[in-house]
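Participant:
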Amino acid sequence: MTTPDNAADTSAEAPTQATGVAAQDWDTAAADPQYRAAVVDLLGALAYGELAAFERLAEDAKLAPTLSDKAELAKMASAEFHHFEQLRNRLSAVGAEPTQAMEPFVAALDGFHRQTAPSDWLEGLVKAYVGDSIASDFYREVAARLDEDTRGLVLGVLDDTGHASFAIEKVRAAIDADPRVGGRLALWARRLMGEALSQSQRVVADRDALSTMLVGGVADGFDLAEVGRMFSRITEAHTKRMAALGLAA
20 MTTPDNAADT SAEAPTQATG VAAQDWDTAA ADPQYRAAVV DLLGALAYGE
70 LAAFERLAED AKLAPTLSDK AELAKMASAE FHHFEQLRNR LSAVGAEPTQ
120 AMEPFVAALD GFHRQTAPSD WLEGLVKAYV GDSIASDFYR EVAARLDEDT
170 RGLVLGVLDD TGHASFAIEK VRAAIDADPR VGGRLALWAR RLMGEALSQS
220 QRVVADRDAL STMLVGGVAD GFDLAEVGRM FSRITEAHTK RMAALGLAA
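Quick note: to get our numbering, add 19 to the position in the sequence shown (first position is 1).
1) What separation, rounded to the nearest whole angstrom, lies between the Cα atoms of Asp46 and Pro52?
2) I need the DSSP call for Leu229, collapsed to helix, strand or coil.
3) Kindly indicate which residue of Leu211, Met232 and Leu204 has the alpha-carbon position closest to the one of Leu264.
4) Starting from the Cα of Val176, find the closest Cα among Ala57, Ala56 and Leu70 and give me that residue.
5) With a threshold of 8 Å, are at least 3 pairs of Cβ atoms found where one atom belongs to the region 100-117 and the other to the region 202-221?
6) Starting from Leu124, follow the alpha helix (DSSP H) in both directions and report where the run begins and ends.
7) Using a 10 Å radius around the Cβ and a threshold of 16 neighbouring Cβ atoms, would you call Ser230 buried or exposed?
8) Count the CB pairs spanning the region 114-129 and the region 52-68 that are closer than 8 Å, and state whether there are at least three.
9) Have a look at Ser301 and Phe100 and give me their C-alpha separation to the nearest angstrom.
10) At a cut-off of 6 Å, is Thr231 close to the ligand ATP when judged by its beta-carbon and the heavy atoms of the ligand?
11) State buried or exposed for Glu116, treating a residue as buried only when at least 16 other CB atoms are found within 10 Å of its CB.
12) Please classify Arg133 as buried or exposed, where buried requires at least 16 neighbouring CB atoms within 10 angstroms.
13) My guess is that Arg260 and Ser152 are in contact by the Cβ rule of under 8 Å, so how many angstroms apart are they, rounded?
14) Expressed to the nearest angstrom, what Euclidean distance is found between the alpha-carbon atoms of Ser251 and Thr85?
15) Could you give the distance in angstroms between the alpha-carbon of Val223 and the alpha-carbon of Asp168?
16) Between Trp207 and Gly130, what straight-line distance do the alpha-carbon atoms span, to the nearest angstrom?
17) For Ala256, does the count of other Cβ atoms within 10 angstroms reach 16, so buried, or fall short, so exposed?
18) Buried or exposed, going by whether 16 or more other CB atoms sit within 10 Å of the CB of Thr180?
19) For Asp79, which residues in the same chain have their Cβ closer than 6 Å to its Cβ, ignoring the five residues on either side in sequence?
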């Protein structure tokens with residue numbers, strides 16, 4: 020999954036102090052069946068997200084204007100599929116059936132991608148950088164409350180596949196060549212922001228274990244005030260990404 024590069028300082032800041040469940044390993048934390056269910060949901064959502072990202076990048080490669088661009092996107096798609104395999108294997112290792120774990124999230128994620136289908140190469144780049152990074156910020160926030168084994172896996176699959184710097188370079192070059200492109204892409208990115216946040220909220224609301232994790236009761240979860248702060252951090256990170264692209268937030 021695409022995440023912001025560190026050089027641009029565009030990632031949302033999440034709490035880092037390990038306490039409670041966050042200081043435990045999987046075997047200890049998974050003794051709580053509600054926590055285990057929440058983690059299976061989380062890994063299922065992430066796994067399908069990675070699979071969808073692989074498919075989308077492979078499709079985006081067809082729109083690439085040059086052979087080198089096609090090759091770059093193909094490499095990124097391969098990295099996304101490797102992340103999917105890691106999550107699928109982890110689901111199997113903890114006794115969950117991967118397809119069943121992913122199934123509850125197919126409709127919401129497919130709906131998001133249908134509603135935000137890019138019309139050209141540049142919109143595809145902005146979607147991968149902005150849209151996917153919003154989801155990554157959300158999952159990073161959740162990861163801070165997970166057991167150390169699950170947290171390490173989640174953060175690993177959220178590593179940047181190279182799309183951040185690639186998208187910034189290509190979008191900035193396009194805006195330099197035609198400044199009018201900037202306005203269109205800025206509107207597109209704002210739409211992505213709204214759709215991505217709505218999709219994240221729908222996914223959580225539909226799954227009791229995940230929502231409990233976020234609002235408290237499992238894994239030292241967020242209280243409602245912290246949920247608000249979390250989305251403020253995600254919004255701030257989005258603004259920084261827009262600046263990195265040369266777009267107005």
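Every residue, glycine too, gets a C-beta built ideally from N, C-alpha and C.
Facilitator: Based on what the coordinates show:
1) Rounded to whole angstroms, Asp46 to Pro52 spans 11 Å at the Cα level.
2) Helix at Leu229.
3) For Leu264, the nearest C-alpha among the options comes from Leu204.
4) If you compare the alpha carbons of Ala57, Ala56 and Leu70 with that of Val176, the shortest gap goes to Leu70.
5) no
6) The amino acid at residue 124 is misidentified as Leu; the sequence shows Phe. Per DSSP, Phe124 belongs to no alpha helix (DSSP H) and is neither H nor E.
7) buried
8) yes
9) There is no way to answer for residue 301, as the model of the chain reaches only from 20 to 268.
10) Of ligands this structure carries none, so the ligand ATP is not represented either.
11) exposed
12) Label assigned to Arg133: exposed.
13) 6 Å
14) 38 Å
15) 22 Å
16) Whole-angstrom Cα-Cα distance: 17 Å.
17) buried
18) buried
19) Leu92 and Gly143
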